[in-house]
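Chemist:
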Amino acid sequence: MGRSVISLTEAAVDRIKDIMKTKNACGILIGIKKGGCAGMEYTITLAKEKMHDADAVEINGAHVFIARDAILFLLGTQIDYEVTTLRSGFIFNNPNQISACGCGESVEIRPASQNKLNKIYENH
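Take the sequence shown: its letter number 61 is residue 60 in numbering that gives the first Met the number 0, and every next letter is one higher.
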């Protein structure tokens, strides 16, 4: 079985499938953008249709599209979904993340090497 750019916990799979069902979406689109005090922020938006200009990952019925310009930054990331008393949301456990700001909204990420990415795609 080949490896994917990202992995999802069971909680993340369940939440994405719930979003797909209740929001009439094909999945979610994950990306990164410049911003915040640490330099970058993760982005999550609804994918109302299949994203042909993004990398597609399907895990147990949960569809995630990864913006092409974010792939090297997200390679190896495990996405979880957490519910606490004060907040709920997706958590990115990213091995490429160097640091995060105190508020937790922005991160510093070093892109993975192209060789690492090539190994992922060799298995598909």
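Note that beta-carbon positions come from the ideal geometry of N, C-alpha and C, so glycine has one too.
Everything numeric in this text was worked out from a predicted model, so none of it was measured.
Are Asn-95 and Ile-108 close, meaning C-beta to C-beta below 8 Å?
Modeler: For Asn-95 and Ile-108, yes; Cβs fall inside 8 Å.
Chemist: Would you kindly work out how many angstroms separate the C-alpha atoms of Val-106 and Ile-70, rounded to a whole number?
Modeler: Their backbone Cα atoms lie some 16 Å apart in a straight line.
Chemist: Determine which residues share a DSSP beta bridge with Phe-72 and list them.
Modeler: Beta-bridge pairing links Phe-72 to no other residue.
Chemist: Buried or exposed: Gly-101, going by 16 or more other Cβ atoms within 10 Å of its Cβ?
Modeler: Under this definition Gly-101 is an exposed residue.
Chemist: Under 8 Å by Cβ, that's how I've got Phe-64 and Pro-110 pegged, so tell me the actual separation to the nearest angstrom.
Modeler: Actually they are not in contact, since the Cβ atoms of Phe-64 and Pro-110 sit about 19 Å apart, beyond 8 Å.
Chemist: Could you check if Leu-45 is buried or exposed, using at least 16 other CB atoms within 10 Å of its CB as the buried criterion?
Modeler: By the neighbour-count rule (16 or more Cβ atoms within 10 Å), Leu-45 is not buried but exposed.
Chemist: Secondary structure at Lys-33, three-state DSSP: helix, strand or coil?
Modeler: Three-state DSSP puts Lys-33 in a strand.
Chemist: Excluding five sequence neighbours on each side, which residues of the same chain lie with their C-beta closer than 6 Å to the C-beta of Lys-16?
Modeler: If we look at Lys-16 and ignore the five residues flanking it on each side, its Cβ neighbours are Gly-60, Ala-61.
Chemist: Which of the three DSSP states is assigned to Val-12 in this structure?
Modeler: Three-state DSSP puts Val-12 in a helix.
Chemist: How many angstroms separate the CA atom of Leu-85 from the CA atom of Ala-99?
Modeler: Computed Cα separation, rounded: 20 Å.
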